[in-house]
Amino acid sequence: MAHERGVPHSFTGFIHQWPALPRFAVFINVHVLPVARVTLEDRYVVEKVETLPGVYGVTYYLGFREYVDVEINEIVKRIYALESRINPDGAQVIIRELETVVSQYTHIVPYYDLVSKTISNGRLAPIRNSIRRFLIEDIYRRLCVMFPETVNWLAKPDEIIYVGVNARI
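According to my numbering, the stretch in the sequence shown is residues 1394 to 1562, in order.
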């Protein structure tokens, strides 16, 4: 969220597959910095997505020697502070609503279906396309199934929704 505005493409896919807009959504973008450790004060940067009410973007800064350990309570505390600054009069209503749903959350994770894009320039293009297709569509796709990125998450499998995203690279 720090470098791009709006909602991620996986959320658009989620809305197409589940035609209901959640009351609150928090998009977490992880950035690993070239420092060993990041202090708690600098770890989370919360922004409000202006086009959708109740939608927030969180940039989670991490040092290269640290493990991912997202603290939901710290994010909620930052959302409270942000809402209190932006809308002091209506912040209490939003905070009360957020407190009721904060203990039950669902992770929305993109599942990328990668397809090799055909390159049509040069004499060796057919050979290059065959190699690219084999590496991307066969090898990489199998590795993604064998080693899912959510395997080390503390969330239960029924708290994770996978959203299919087609990507032509």
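Note that beta-carbon positions come from the ideal geometry of N, C-alpha and C, so glycine has one too.
Spanning the alpha carbons of Ile1501 and Ala1418 requires a straight line of approximately 10 angstroms.
A straight-line Cα-Cα distance of about 6 angstroms links Arg1525 and Ser1509. DSSP places Tyr1533 in no alpha helix (DSSP H); its state is neither H nor E. Per DSSP, the unbroken beta strand (DSSP E) holding Tyr1504 starts and ends at His1500 to Val1508.
For Val1461 against Leu1455, the beta-carbon gap comes to about 6 angstroms, under 8 angstroms, which counts as contact. Apart from the 5 residues on each side of it in sequence, Val1438 sits with its Cβ closer than 6 angstroms to the Cβ of Thr1452 in its chain, given in chain order.
Per the C-alpha coordinates, the member of Phe1457, Trp1411 and Ile1421 positioned closest to Val1428 is Phe1457. Ranking Gly1450, Pro1550 and Leu1491 by CA distance to the CA of Pro1401 puts Gly1450 first. Sorting Pro1550, Tyr1504 and Ser1523 by C-alpha distance to the C-alpha of Ala1560 places Tyr1504 at the top. Under DSSP, Glu1440 shares a beta bridge with Gly1450.
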